[in-house]
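In my numbering, the protein residues as written are 379 to 740.
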């Protein structure tokens, strides 16, 4: 009897190990697929998020007897006009600043060269380290602006696919969701599917809309601050603040590096040089600590460490586009994990540190 129980226990342990191994292999296969299928999946995900917050407009146009295909064309056309107009306004100042990058690196090299010379005079062994520091200064800003240029090219290459997929999402997305609900075997599963779809659409739409308004506000405030400090092309830096703030923590840090280089070109006194990134840091602090928590509430509050790790993971998988859509993807994952019980109680790990006490005790 005992021997049989031991055999059964051993079999259960082995099956448990096999199950864990299969889950790990499935996870690795999923990551592999996401990485190598990014050319297909990136336009689909971006188009899906655009359709999520644009579909209510298409439904609203139905009230005025405007059919879905025409409504989708009108919405996409309005978005394209806004994007093209904005790019037209920012193209000239952006190209001018790209030409100024060598001046930024030369100025920074000269600022670093003097203390390095005195350091070499007193400590001969430090010469190789000094040269590496100069090379790092020369390459930092060129690397930053080249990343931005590559990102722009990526958007330009994939924009056609995004437009087409967005159109079909707007026209046939609701029908696809209805068919998915009809395909469920029981009323309970149909109800759960409807609730899940509505939660994803409402939460992601609300998140994207509120975050977009917050980021536009931050961009306007940044442009006003740069204009007040006398920085050229203040509108360009405001637009960059709007775009980069879609990648929390990482985007603002990148903009601080860029604005530091801008400060070195615009001013000569260190106080005024640092006032350029400092003004943005103050505005970003106000946005992070007061504006965003107030407007989004605790519903979208997530652990900052996990948010940063999640963004770096998607940045590694899909580049700059992955970092920009990482947070909406995390919101979707949180909703799916809650409704489908994908990870059990582990979904609470995503909660931020400022959740209400009654939520933390659940």
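Ideal Cβ positions, reconstructed from N, Cα and C, are used throughout, including at glycine.
Quick caveat: nothing in here was measured; it's all calculated off a predicted structure.
- Here residue 667 is exposed: its Cβ has fewer than 16 other Cβ atoms, across all protein chains shown, within 10 Å.
- If you draw a straight line from the Cα of residue 648 to the Cα of residue 662, it comes to about 21 Å.
- The beta carbons of residue 412 and residue 702 sit no closer together than 8 Å.
- The stretch 612 to 619 makes no contact with the stretch 566 to 578; the number of CB pairs closer than 8 Å stays below 3.
- Taking 4 residues as the shortest admissible run, the stretch 567 to 631 contains the following complete alpha helix (DSSP H) segments, listed from N- to C-terminal end: 612 to 622.
- Taking the Cα positions, residue 407 is about 38 Å away from residue 673.
- Residue 415: not part of any alpha helix (DSSP H); DSSP gives it neither H nor E.
- In terms of Cα proximity to residue 620, the closest of 602, 594, 538 is 594.
- Distance from the CA of residue 432 to the CA of residue 574, rounded to the nearest whole angstrom, comes to 19 Å.
- Here the alpha carbons of residue 693 and residue 704 stand approximately 8 Å from one another.
- Close CB contacts of residue 622 within its chain, under the 7 Å cut and outside five residues either way in sequence, are with 629, 630, 632, 633 (chain order).
- Per DSSP, residue 650 is one residue of the alpha helix (DSSP H) stretching across 648 to 664.
- Annotation: residue 445 is outside any alpha helix (DSSP H) and is labelled neither H nor E by DSSP.
- Our two residues, residue 536 and residue 421, have alpha carbons roughly 7 Å apart in a direct line.
- Here residue 440 has no same chain residue with a Cβ atom under 6 Å from its own Cβ, once five neighbours each way along the sequence are excluded.
- Just measuring C-alpha positions, the residue of 571, 596, 691, 586 sitting nearest residue 714 is 571.
- Each of 627, 654, 553 was checked against the Cα of residue 685, and the nearest Cα belongs to 627.
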